[in-house]
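Just add 1 to the spot in the sequence shown (first one is 1) and you have the working numbering.
C-beta: ideal position from N, C-alpha, C; glycine also.
Remember, predicted model here, so these are calculated numbers, not experimental data.
Take a look at the structure below.
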Amino acid sequence: MRRILLGLFVIIAALVAYLLVWPVPVKPVAWTVAPSPGYTGAHAVNTRLAGLETVDLGSHQGPEHIVLRNGWLYIAVESGAILRMRPDGSDRGVVLQTGGRPLGFDFDANGAMVIADPMAGPHGGLFRATGSGASAKLELLTDSVNNTPIAYADGVVVAKSGKVYFTDASQRFGAKAWGGTFNASVLDIIEHQSTGRLLEYDPATKATRVLLADLCFPNGVALSADEQHLFVAETGEYRIWKVATRAADLSAKAPQAGASVLMQNLPGYPDNLMRGENGRVWMGLVKPRGAFIDNSAGKPWLRALSMRLPKALWPVPPAYGHVVAFDESGQVLLDLQDPTGTYPETTAVTESGDRLYIQSLHAKSLGWLDKKKAGL
C-alpha cells in the first residue's frame, strides 16, 4: 500500500510540476477587460443567420475572404488557392495558388490582386498577383517594416490612390512558424502582448510605414466612404478602431488624434471587415467571448498554465455564427446570428445586390443569405 501511495504521490507531483513549470511558447501579460455585455441590446440573441443556402466549393474549404468583382466571386480558401466562380457556383476554377494561406485580398486599379498571405514565402507578407491559372505570377511587395519582419499579414484594402492598407496581426506568432493561421492567432490572443500593427504600403515609392502599433491581433480593415479613414478590427480586444489614413507611428496604448475606438466591448472576436451597400460596413464575430480568457485577464500565469494542456483542451470558445452591419459612426444597423454555429467561424459578409455571402474560417461550403430574408 505504501508503494502505491508513494507512486501516486510521485505521479501527482510530476503532473503539478508539469502544469506549473513546463516551457510554453507564450509569455502572457496582464490586461484589463470590461465585463462582457453578452448577447444583449443590439446584439440580442436571434436566429436570423440560421438555415443558410450553400454553394459547393468542391474539395476546398474555409472561404476566409470573398470579393465580388465584375460578376465573379473570388474566394480565398485553406488550400492556398483563390477560387473564381459565378454567384451560383458555376464555372468554378482556381485562378491563383499562393502556396500559403491567403487571408485578405483586394484588386488594384489595374485589376491585379493584392494579397495578404502570412504563409507564402519565408514568413509571408504582402503580394501582388497578375495573370491567372498556370500563367499567374506572384510578386512580393513587402515583408518588413522598420527593419522588422511582417510575420502575420492579414487584412488588406486598396485605396483609389493606389496605397495599400493592411494589418500585421502579430510580431510574436507568425502563422508559418506556429502551426497555421488559427493556431498562431490563439497563441497571440492568449499571450496578449499586443504587437500587431496597421500598415501602409505605397506602390509609388515601395515604402512601408506604420500607422498604428501595439494592437492585440489587428485583423480586418476597411476604408471609409471618403477614404480618409480606416476601420480596423482589433480581435483580441473586442473592438473596432477608426484611424486616419494620414496617421503615423501612433500607439494603441496611448491614442492620439487620428486614432480612436469606434466600437468596443463587443460580444465576440471581430475578424474581417468589408464595405457593403448604402453605407454599411460588415464585420464577422468569429467566436463568442470565452469566460476563461476574460476571467484570466489579470492572471497571466493561469493562461500560461492553460497552454500546457492538450490542444483539445485549450480555452477556445465554441462555434457561433454572427455577423454585424454598422455605419461609419459605429451604430449597429443589422445583427444576424446562428447560435448553433452550423456554419462555423463567420469572418465577415460580402454583399451583392440580392445576397449576403458569409465568409468563414473553416466552412466546407460557401454560405449565403437572401437580403430580403435578412431584412434588407
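Cα-Cα, which of the options is closest to residue i?
i	options	result
residue 357	347, 239, 172	347
residue 163	107, 144, 123, 173	107
residue 292	58, 315, 309, 56	315
residue 352	27, 52, 68, 59	68
residue 179	103, 152, 157	152
residue 59	70, 364, 373, 230	364
residue 98	206, 112, 230, 116	116
residue 157	342, 300, 275, 28	275
residue 110	161, 177, 237, 149	161
residue 75	114, 155, 185, 44	114
residue 130	82, 245, 340	82
residue 227	212, 213, 100, 245	245
residue 33	300, 70, 71	300
residue 46	211, 323, 71	323
residue 78	62, 303, 86	62
residue 100	177, 235, 258, 92	177
residue 44	267, 308, 303, 93	267
residue 321	308, 251, 340, 183	340
Counting C-beta neighbours from all protein chains within 10 Å, is the total for residue i 16 or more, i.e. buried, or is it exposed?
i	result
residue 54	exposed
residue 30	exposed
residue 39	exposed
residue 132	exposed
residue 209	buried
residue 338	buried
residue 238	buried
residue 319	exposed
residue 195	buried
residue 296	exposed
residue 14	At residue 14, the pLDDT of 44 sits below 50, so the modelled position is not reliable and the matter cannot be decided from this model.
residue 361	buried
residue 41	exposed
residue 70	exposed
residue 87	exposed
residue 154	buried
Taking the straight line between their C-alpha atoms, what separation do you get for residue i and residue j?
i	j	result
residue 64	residue 187	19 Å
residue 25	residue 224	38 Å
residue 256	residue 218	17 Å
residue 36	residue 298	11 Å
residue 310	residue 123	30 Å
residue 120	residue 159	21 Å
residue 10	residue 125	Confidence is the limiting factor: at residue 10 the pLDDT is only 48, short of 50, which leaves the residue's position unreliable, though a coordinate-based value still follows. Distance between the alpha carbons of residue 10 and residue 125: 48 Å.
residue 233	residue 344	24 Å
residue 369	residue 49	12 Å
residue 359	residue 243	24 Å
residue 103	residue 333	29 Å
residue 247	residue 229	8 Å
residue 18	residue 377	Below a pLDDT of 50, predicted positions are generally treated as unreliable, and residue 18, at 46, falls in that range; the measurement from the model is reported next regardless. Residue 18 and residue 377: Cα-Cα distance of roughly 57 Å.
residue 265	residue 249	23 Å
residue 28	residue 305	7 Å
residue 335	residue 367	21 Å
residue 181	residue 313	16 Å
residue 52	residue 342	11 Å
residue 185	residue 329	30 Å
residue 203	residue 231	16 Å
residue 281	residue 349	12 Å
residue 118	residue 207	18 Å
residue 112	residue 95	17 Å
residue 92	residue 80	19 Å
residue 236	residue 134	34 Å
residue 85	residue 105	15 Å
residue 211	residue 271	21 Å
residue 213	residue 294	25 Å
residue 73	residue 303	47 Å
Compute the beta-carbon to beta-carbon distance between residue i and residue j, rounded to the nearest angstrom, for a pair I have assumed lies under 8 Å.
i	j	result
residue 215	residue 253	4 Å
residue 263	residue 221	Contact doesn't hold; Cβ gap of about 13 Å is too wide.
residue 372	residue 355	6 Å
residue 90	residue 56	4 Å
residue 240	residue 269	No, residue 240 and residue 269 are not in contact; Cβ-Cβ is about 11 Å, not under 8 Å.
residue 127	residue 149	With 8 Å as the limit, residue 127 and residue 149 do not qualify as a contact, their Cβ atoms being about 14 Å apart.
residue 66	residue 273	6 Å
residue 326	residue 277	6 Å
Segment contact, 8 Å Cβ cut-off, at least three pairs: the stretch 176–193 with the stretch 133–142
The stretch 176–193 is not in contact with the stretch 133–142.
Using 8 Å as the Cβ pair cut-off and three pairs as the minimum, do the stretch 165–174 and the stretch 278–297 touch?
The stretch 165–174, when compared against the stretch 278–297, does not touch it at the 8 Å Cβ threshold.
Contact the stretch 152–168 vs the stretch 193–204: 3+ CB pairs below 8 Å
Judged by Cβ distances under 8 Å, the stretch 152–168 makes contact with the stretch 193–204, as three or more pairs qualify.
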